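Numbering (the UniProt record's numbering), first residue to last: 1 to 307.
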């Protein structure tokens, strides 16, 4: 199976590397800048207590046209790059190609459908703690590494069934879902509050859950997302807030969000697609979102980098 990783950063690079080391997968990494230079020169290295990996012979480029049509695209770019990257995917797409998005948030998939066609798009969810430790080096924190994917209509398909067989052999937890929209919203119910509260406080998970006031703020933010999902007819089941609270209690104390990492290094933030999207959807659906409104307002000066 020919696979392209569009956005070979921490998430795309990790899962792409695992797939590339699997028999039957021909994986091409689309990257840029110093990260691409390092991958071409030194290969792609995964630092992980669970299973370190060093790929020395890596197919990497910044031009999707050099790769040509593939069977599957793992779409893992930052949300602000969605439009540009989706347009750049056109040379990768042929009849039957599936583009699995594992981006944060719940709005990026609509853009992919508009640009590439709904028939080419499938949903995905990545659960992993990973960062780019240095160009060409991805650091995996903890043991969690789960990739969930599914067709938008929930039906089984030969293209994702074939990918699932590869993914199961790749050394990470692979889940073929019949309810991928629900899975995306379940992650969003953790991700948007966690990103917002960690960035607002500049503190990791251990501090957020230990301090009663920050824990309460996080849970109020979760409840806002849960009410949004209900208004969108997405069934997250009963006890979603309690389930997300248990997830917060189970992650490593030092775990941070990618948005906090971006904030601390002076980078651009995915704020408009996380707390900003919660506020926007809340306005459209008549659902109050006071916590996310404060988060979005407080972090707005940093959305495009340092003010």
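Using N, Cα and C, we set each Cβ at its ideal position, and we do this for glycine too. None of these values were measured; they are calculated from a predicted model.
Cross-strand partners of residue i (DSSP beta bridge)
i: residue 124; result: 149
i: residue 16; result: Note: residue 16 sits in no beta bridge, so no partner.
i: residue 61; result: 30
i: residue 129; result: 141
i: residue 75; result: 6, 101
i: residue 119; result: Answer is none; residue 119 lacks a bridge partner.
Helix, strand or coil at residue i according to DSSP, with G and I counted as helix
i: residue 107; result: coil
i: residue 314; result: Examination of residue 314 is not possible in this model, given that the chain is present from 1 through 307 alone.
i: residue 49; result: coil
i: residue 270; result: coil
i: residue 279; result: helix
i: residue 355; result: Here the chain comprises residues numbered 1 to 307, so residue 355 is not present and cannot be evaluated.
i: residue 35; result: helix
Cβ shell of residue i (< 6 Å), same chain only, five flanking positions each side left out
i: residue 13; result: 138
i: residue 276; result: 296
i: residue 300; result: none
Minimum C-alpha distance to residue i - residue among the options
i: residue 169; options: 22, 1, 15; result: 22
i: residue 48; options: 260, 268, 128; result: 128
i: residue 161; options: 172, 221, 177; result: 177
i: residue 264; options: 121, 277, 275, 303; result: 303
i: residue 103; options: 3, 86, 289; result: 86
i: residue 89; options: 234, 135, 67; result: 67
i: residue 45; options: 92, 130, 80, 62; result: 130
i: residue 233; options: 179, 69, 133, 78; result: 179
i: residue 59; options: 4, 167, 212, 18; result: 4
i: residue 292; options: 268, 255, 190; result: 190
Sequence-distant residues of its chain with Cβ nearer than 8 Å to residue i (five each side left out)
i: residue 249; result: 209
Close beta carbons around residue i, own chain, < 7 Å, minus the five adjacent residues each side
i: residue 96; result: 159
Rounded distance between the beta-carbons of residue j and residue i, thought under 8 Å
i: residue 184; j: residue 123; result: 6 Å
i: residue 257; j: residue 163; result: Rounded, the Cβ-Cβ distance is 28 Å, inconsistent with contact.
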